[in-house]
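Residue numbers (UniProt numbering): 1 to 443.
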């Protein structure tokens, strides 16, 4: 397998054919590397003169180096097609396991949008090609929409953010405010919608979007998603949510959302798929050839170990290799051994946790016979189905509690405090009591 990869790479380099590698040149520019563009020898995948450079330059080279492996390319192509051809899909999702490389696509998409929109940008200087930011996890455990709006306005370089005014709330009708309770986020939300309309970005990219699912007790996921849908609709800007498998709870909240959204699954390399393992080994070999060391480490000879400690996620693998290379170069090593890689590898407990989360997310995406049978039953049934998602469970529970509190006539058994029960009060003399006895009691 290794020899076949070596022969293919040598033939591609000698013929001037683009290889499988991609090199980052800054945050927004990414160029493909060919065998004729850089000074290379057959024994090195990196420029030979890099060996004479400083440790910092060597580390930066490897940090910026990225392998365009097949699963990355597949997810990226689907993702970029959805962005430039959204149709009526106002919400789009990109999800996958942690460490699979979603941030790589997030950065590459930004540079691609600029390249494709360059003619428009030259004609209209007021257009901003895209908006991109990370959904920050709140310290309180509840997603902070105000902080999100402010960060988004800062991304647009909006001025006087803290001085925004909600003019609708200032208008009065019959001497009373138009809104009973002023929403503190309203002025920022209106400012965001106005900015998106005027700047006309092709898309709003939100990384780590699973943080937006954090909510207060009793607040449902549907309300969070409704806010995102309203922002996309009112601003006429498609919104892309990028995150882990936790986003799957967003995708199936309602039939309307399912119809108006596109999903892209960026999967990891699976051990039970022989083709996946070949692709993983090829990616590992590309990293091996591009480590700026005088003596090349043997990564491919230990493919099983490297797969085990990254569970098939290339992003996790790259971070691990970068950490090991950086520490080795700082120690003055000219090569790396397996002991060096074992020292900075994830623990087995960490890998088990990552693998469990990945397999649980993948299981939710499988089309099983049970799901197909359930669909046919719903299509043929005349009764309303029972909701099985989190939203449905909460609704059913709330309805059950409501039914318990009401009697057969639909009236509440426990009235509000201060309200008397609808019973008759006694009037006149009680049964068997004479007027004389009543007068005596009065005296």
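Heads up, the beta-carbon is just placed ideally off N, CA and C, and yes, glycines get one too.
Helix or strand or just coil, what does DSSP make of residue 265?
-> Correct three-state label for residue 265: strand.
Nearest-angstrom Cα distance between residue 151 and residue 196?
-> Those two C-alpha atoms are separated by around 14 Å.
Return yes when the Cβ of residue 155 is within less than 8 Å of the Cβ of residue 133, no when it is not.
-> Yes, the Cβ-Cβ distance between residue 133 and residue 155 is below 8 Å.
For the beta strand (DSSP E) that contains residue 66, what are its first and last residues?
-> Element bounds for residue 66: 65-67.
Coarse secondary structure for residue 427, derived from DSSP in three states | Coil at residue 427, not helix or strand.
Mind checking which residues open and close the beta strand (DSSP E) that includes residue 207?
-> Start and end: 204-207.
Inside the stretch 231-315 only - beta strand (DSSP E) runs reaching at least 3 residues = Taken in chain order, the unbroken stretches of beta strand (DSSP E) that lie wholly in the stretch 231-315 and span 3 residues or more are 239-243, 261-265.
Determine the DSSP secondary structure at residue 75, reduced to helix, strand or coil.
-> Secondary structure of residue 75 (DSSP, three-state): helix.
Assign residue 399 to one of three DSSP states: helix, strand, or coil.
-> Confidence at residue 399 is low in this model, with a pLDDT of 48, below 50, so the placement of that residue is unreliable and no value is reported for it.
In its own chain, which residues sit with a C-beta less than 6 Å from the C-beta of residue 101, not counting the 5 before and 5 after it?
-> Excluding residues within five positions, the ones whose Cβ falls inside 6 Å are 72, 314, 315.
From residue 17 to residue 282, what does the alpha carbon distance come to, in whole angstroms?
-> Reliability fails at residue 17, whose pLDDT of 35 lies under 50, so the model's placement of it is uncertain and the value that follows must be treated cautiously. Each residue's alpha carbon lies about 17 Å from the other.
From residue 202 to residue 187, what does the alpha carbon distance come to, in whole angstroms?
-> If I take the Cα positions, the gap works out to 23 Å.
What is the rounded straight-line gap between the Cα of residue 287 and the Cα of residue 233?
-> Near 43 Å, if we compare the C-alpha coordinates of residue 233 and residue 287.
What is the rounded straight-line gap between the Cα of residue 83 and the Cα of residue 238?
-> So the two alpha carbons sit approximately 8 Å from each other.
C-alpha distance - residue 306 paired with residue 360, whole-angstrom precision = Straight-line spacing of the CA atoms in residue 306 and residue 360 works out to 22 Å.
Between which two residues does the beta strand (DSSP E) carrying residue 110 extend?
-> Here residue 110 belongs to no beta strand (DSSP E); instead the alpha helix (DSSP H) covers 102-116.
Beta-bridge pairing of residue 95 - partner residues as DSSP gives them | Residue 95 pairs with 243, 265.
Distance CB(residue 261)-CB(residue 91) smaller than 8 Å = With contacts defined as CB atoms closer than 8 Å, residue 261 and residue 91 qualify as a contacting pair.
Determine the DSSP secondary structure at residue 133, reduced to helix, strand or coil.
-> Correct three-state label for residue 133: strand.
Write down the C-beta distance between residue 109 and residue 205 rounded to the nearest angstrom, noting that I regard them as a contact closer than 8 Å.
-> Contact holds; Cβ gap of about 7 Å.
When 308, 208, 61 are compared against residue 348, the one with the closest alpha-carbon = Answer by Cα proximity: 308.
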